[in-house]
Amino acid sequence: MPAQKNSADLAAIPFAELETSSPPAEQIFRQVRDAVLQMQIRPGSLLSETEVGQRFGASRTPVREAFTRLREAGLIVTRPSRGNFVTRLSEPRLREAQFLRSAIETAVVIRLCKIGLGAEHLDRIKMSISGQVTAIADNNDLDFQAQDDRFHTLLAAATGYPRTAMLLAQEKTPLDRLRVLALSDRGHKARLLSEHRDILNAVRARDPAQAQAAMARHLASVLDLIADLRDADGDYFE
253 MPAQKNSADL
263 AAIPFAELET
273 SSPPAEQIFR
283 QVRDAVLQMQ
293 IRPGSLLSET
303 EVGQRFGASR
313 TPVREAFTRL
323 REAGLIVTRP
333 SRGNFVTRLS
343 EPRLREAQFL
353 RSAIETAVVI
363 RLCKIGLGAE
373 HLDRIKMSIS
383 GQVTAIADNN
393 DLDFQAQDDR
403 FHTLLAAATG
413 YPRTAMLLAQ
423 EKTPLDRLRV
433 LALSDRGHKA
443 RLLSEHRDIL
453 NAVRARDPAQ
463 AQAAMARHLA
473 SVLDLIADLR
483 DADGDYFE
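Okay, structure coming up:
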């Protein structure tokens, strides 16, 4: 499918002003990345280095560095003589990301069943579930996604292996835009919440078979929606 020629509407996105406390390239990368992953910048959109620089009040060098990182993250593609375009969703890439994510998260719950959840970790995980309940009541998709991410990050952190959460965040990035599309269905959010509770209950019971099964059901739910999402938002897919 040919690339859309629509430019990203950067003026409509509430980017924060750059701070002097950290490198501008890092700040630009993170804010544009988040806007792409939250579908504020749509797949197929033209993303101009010049317009991004103007939006942030930044010089050419940090913007180019940020775009290099966006390319490395698989979020933009450069087409010679045409510009930089936000990548569309790729079903093979989504399935690969889910495969890798599943391997990490299955190992996480098996380890937690072995070592147990400390009181501090448990309290934080419970708070993330409470946050999901609030987000559903408020019908706030982005808050729900943030609390969903926090739930999985907290489980990974509880393993005692610091790199686990970092690797998990890295491997699930291709799935984040798919998740945003799926979250528009309020019933889907409620199912995710129920699945999170099932995972936590199995880990607290220190039942590795049940925890593994609960995590597998949970991680399969987004990929099960690909066909419906493709029908509804076909332009977002390759």
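Numbering (the working numbering), first residue to last: 253 to 490.
We put the beta carbon where it would ideally sit given N, CA and C, even for glycine.
Since this is a predicted model, take the numbers as computed values, not measurements.
Secondary structure at residue i, three-state DSSP: helix, strand or coil?
{"i": "phenylalanine 319", "result": "helix"}
{"i": "methionine 253", "result": "Since pLDDT at methionine 253 reaches only 40, below the 50 mark, its modelled position is unreliable, and no value is offered."}
{"i": "asparagine 392", "result": "coil"}
{"i": "threonine 411", "result": "coil"}
{"i": "isoleucine 244", "result": "Any answer about residue 244 is impossible in this case: the structure gives the chain only from 253 up to 490."}
{"i": "histidine 470", "result": "helix"}
{"i": "methionine 291", "result": "coil"}
{"i": "threonine 272", "result": "coil"}
{"i": "leucine 406", "result": "helix"}
{"i": "phenylalanine 267", "result": "coil"}
{"i": "leucine 433", "result": "helix"}
{"i": "arginine 459", "result": "Looking at the sequence provided, one finds aspartate at residue 459 rather than arginine. Coil, per DSSP."}
{"i": "alanine 387", "result": "helix"}
{"i": "alanine 421", "result": "helix"}
{"i": "alanine 325", "result": "coil"}
{"i": "serine 346", "result": "With the sequence shown as reference, residue 346 is identified as leucine, and serine is not the correct amino acid for it. Three-state result, leucine 346: helix."}
{"i": "leucine 369", "result": "coil"}
I need the boundaries of the beta strand (DSSP E) containing residue i, first residue and last residue.
{"i": "arginine 331", "result": "328-331"}
Please report the residue range of the alpha helix (DSSP H) in which residue i lies.
{"i": "glycine 305", "result": "301-308"}
{"i": "serine 446", "result": "438-456"}
{"i": "isoleucine 478", "result": "478-484"}
Identify every residue that forms a DSSP beta bridge with residue i.
{"i": "glycine 335", "result": "Arg331"}
{"i": "serine 311", "result": "For serine 311, which the question treats as bridged, DSSP gives no partner whatsoever."}
{"i": "serine 259", "result": "Leu298"}
{"i": "phenylalanine 489", "result": "Leu341"}
Hey, residue i and residue j are a contact pair by Cβ (cut 8 Å); roughly how many whole angstroms apart?
{"i": "alanine 434", "j": "leucine 369", "result": "Incorrect: roughly 28 Å between the Cβ atoms, too far for contact."}
{"i": "leucine 445", "j": "glutamine 384", "result": "5 Å"}
{"i": "leucine 262", "j": "valine 329", "result": "About 18 Å; that fails the 8 Å criterion."}
Does the stretch 315-329 come close enough to the stretch 281-294 that 3 or more CB-CB pairs lie under 8 Å? yes
Across the stretch 307-315 and the stretch 271-280, are there enough close Cβ pairs to call them in contact, namely three or more that are closer than 8 Å? yes
With contact counted as at least three CB pairs below 8 Å, one residue from each stretch, are the stretch 476-486 and the stretch 398-409 in contact? no
Evaluate contact between the stretch 381-393 and the stretch 327-347, counting only Cβ atoms and requiring at least three cross-stretch pairs below 8 Å. no
At a cut of 8 Å, does the stretch 351-359 reach the stretch 463-475 through at least three beta carbon pairs? yes
The stretch 303-312 contacting the stretch 262-274, beta-carbon criterion three pairs below 8 Å: yes
Pair every Cβ in the stretch 415-424 with every Cβ in the stretch 438-445, then say whether three or more of these pairs are closer than 8 Å. no
Inter-stretch contact (C-beta, 8 Å, three-pair minimum) for the stretch 362-379 and the stretch 447-463: yes
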